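Reading the sequence shown from the start, the letters are residues 722 to 863 in this note's numbering.
For every residue, glycine included, the Cβ atom is placed at its ideal position computed from N, Cα and C.
Note that this is a predicted model, so its numbers are computed, not measured.
The next block holds one structure in the form of structure tokens; read it before the comments.
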Amino acid sequence: MHHYGADGMRARLSRADQTGIAVVVAVSALAIAFRQLTIVPRAFVAVCAGHHAPLFCVPRQAVLWAQYEGWFGIAALILGLLAFALARRSLGVAALAVGIAAVVNYNGTEGIIGAAFGLWGWLEAAAPANGGTATGSDHARQ
């Protein structure tokens, strides 16, 4: 059994990781806010069905279409698999952000799997280099 000192368990976040966290939180907050303000209220169904619908109905309709077609989940899954295979921080951030947006927009299965793979790829990219150029899939096989 290993006993770690205070230094062994301290999280070390780089500036890129802090930026990534900020991006994920911002995209998640925007996805939740947009849904709560424009999609959830039933009054907007009638407003957006009218001939002279307000401008916010265009992105609302686009989000609903993407939700119904499963595009949020598909995008998250593709980004997550790429982040995992290539161990790239930017792909991991994108997969996690889109994955959370997918869950918010009811594309939960693919969204959460994509987010998980994205987080794994992000963690692999942030891991200290051990002299090799191993990718996430290389580490999974070890």
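query: In chain order, which alpha helix (DSSP H) runs of at least 4 residues are fully inside the stretch 793-856?
result: You should have 810-825, 829-847.
Residue 845 vs residue 797 beta-carbon contact at 8 Å: No. Outside cutoff.
message: Mapping the DSSP letters down to three states, classify residue 762 as helix, strand or coil.
response: Taken through DSSP and simplified to helix, strand or coil, residue 762 comes out as coil.
message: Am I right that residue 821 and residue 752 are in contact with their C-beta atoms under 8 Å? What's the rounded C-beta distance?
response: About 7 Å; that satisfies the 8 Å criterion.
task: Quick one: give me the first and last residue of the alpha helix (DSSP H) that residue 783 is part of.
output: Going by DSSP, residue 783 is part of the alpha helix (DSSP H) stretching over 778-790.
- prompt: From what residue to what residue does the alpha helix (DSSP H) around residue 749 run?
  reply: Secondary structure note for residue 749: its alpha helix (DSSP H) is the uninterrupted segment 736-755.
message: Please report the straight-line C-alpha distance between residue 848 and residue 834, rounded to a whole angstrom.
response: Taking the straight line joining both Cα atoms gives about 21 Å.
Residue 777 versus residue 756 - alpha carbon distance: A direct Cα-to-Cα measurement between residue 777 and residue 756 gives close to 12 Å.
- prompt: Leaving out the 5 sequence neighbours to the left and right, which residues in its chain are closer than 6 Å to residue 741 when beta-carbon positions are compared?
  reply: 814.
- request: Report the rounded CA-to-CA distance for residue 758 versus residue 735, giving the unit in angstroms.
  value: Approximately 34 Å, taken between the alpha carbons.
field: Same chain only: Cβ atoms within 6 Å of residue 733, ignoring 5 sequence neighbours per side
entry: Around residue 733: no qualifying Cβ.
query: Can you tell me whether DSSP reads residue 774 as helix, strand or coil?
result: Of the three classes helix, strand and coil, the one that applies to residue 774 here is coil, per DSSP.
message: Could you compute how far the alpha carbon of residue 826 sits from the alpha carbon of residue 771?
response: Taking C-alpha positions only, residue 826 is separated from residue 771 by approximately 24 Å.
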